[in-house]
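Trainee: In this text, residue positions in the sequence shown follow our numbering: the first is 155, and each later residue adds one.
Just so you know, even glycine gets a beta-carbon here, dropped at the ideal spot from N, CA and C.
All figures in this text were calculated on a predicted structure; none of them were measured in a lab.
I'd like to ask you about the structure that follows.
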Amino acid sequence: RGLSRESAVAQLFSLAVMRARLFILAWLLMPLIARANPVQVNGQSLIAFGIVAFWALVVESGIVTLAMVSTGVLVVPAFITLTLANVALFLFAFLPLTGRVSLWFLEPGVVLADAVLIKLVTSAPFLQGSGFLGVSWRRAFMASLLGNTASFFVGVMASGAPWIVHEKGGLE
């Protein structure tokens, strides 16, 4: 019995050592597969970006919530849920497609996706008041259009994207 326990410990130790070596090898090979982003964020303006993005999000979610009030949704839960849905749409749809798709196609797509999210979110029972009437596709689309338009203009008025710095090479 003593030998089998010792051999089990030896096998476990050798497996742990092998995993550690593979982990170190993977970390050493990481620079070979990493890609750099040529756009650098200006540290001083990163705070400005956060403030602009926050207020654009608040304005958009607020307008959409106000457009839904007459349908009988609960205001505070709807506002919070729509805010979270807008953050998800921004992070997982808008940002990844920004460099790949023209804004002329991306913005209408975001408005349509936001309208679908509004329709889905307002169908959740925990957002419906006792007098909930339902949300039509037209109302969801118009709320999305108004909210996204207001959000866009908040961003345009507040900044011209000063947080992005394009580095130029050479002697300047």
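What's the call for A382, buried or exposed, on a 16-neighbour Cβ count within 10 Å?
Mentor: The first residue shown for the chain is 155 and the last is 326, placing residue 382 beyond what the model contains.
Trainee: Taking the straight line between their C-alpha atoms, what separation do you get for F246 and M172?
Mentor: Taking the first residue of the sequence shown as 1, we reach residue 246 at position 92. Taking the first residue of the sequence shown as 1, we reach residue 172 at position 18. The alpha-carbon atoms of F246 and M172 are separated by roughly 37 Å.
Trainee: For I272, which option in L257, F233, L169, A207 has the closest C-alpha, if you only look at C-alpha atoms?
Mentor: By one-based count along the sequence shown, residue 272 stands at place 118. Selected option, being the one with the closest Cα: F233.
Trainee: Can you check whether the CB of V275 is closer than 8 Å to the CB of N302?
Mentor: For the purposes of this step, residue 302 is identified with residue 148 of the sequence shown, where counting begins at 1. For the purposes of this step, residue 275 is identified with residue 121 of the sequence shown, where counting begins at 1. No, these two residues do not count as a Cβ contact at 8 Å.
Trainee: Is it buried or exposed for A210, if we count other Cβ within 10 angstroms and need 16 for buried?
Mentor: By 1-based counting over the sequence shown, the position of residue 210 is 56. Answer is buried; the Cβ neighbour count reaches 16.
Trainee: Could you name the residues of the same chain whose beta carbon sits closer than 7 Å to that of A304, not counting the 5 residues immediately before and after it, in chain order?
Mentor: For the purposes of this step, residue 304 is taken as residue 150 along the sequence shown, with counting starting at 1. Excluding sequence neighbours, A304 sits near V213, E214, I217.
Trainee: Applying the criterion that 16 or more other CB atoms from any shown protein chain within 10 Å of the CB defines a buried residue, is V227 buried or exposed?
Mentor: Stepping through the sequence shown from its first residue, residue 227 is reached at position 73. Buried, because 16 or more other Cβ atoms sit within 10 Å of the Cβ of V227.
Trainee: What would DSSP say about P255, mapped onto helix, strand or coil?
Mentor: For this step, residue 255 is matched to residue 101 along the sequence shown. Sequence check: residue 255 is Val here, not Pro. DSSP places V255 in coil when its eight states are reduced to three.
Trainee: Going by DSSP, what residues sit across from V223 in a beta bridge?
Mentor: On the sequence shown, position 69 is the one that residue 223 refers to. In the DSSP output, where bridge partners are listed per residue, V223 has none listed.
Trainee: Measuring alpha carbon to alpha carbon, tell me which residue in F307, L236, L281 is nearest A267.
Mentor: Position 113 of the sequence shown, counted from the start, is the residue given in the question as residue 267. Of F307, L236, L281, the residue nearest in Cα terms is L236.
Trainee: So, at 8 Å on beta carbons, what are the nonlocal neighbours of V143 in its own chain, with the 5 sequence-adjacent residues on each side left out?
Mentor: Residue numbering for the chain in the displayed model covers 155 to 326; residue 143 lies beyond these limits and cannot be assessed.
Trainee: Could you check whether the Cβ of G226 sits closer than 8 Å to any Cβ belonging to chain C?
Mentor: Chain labels in this structure do not include chain C; a single protein chain is all it has.
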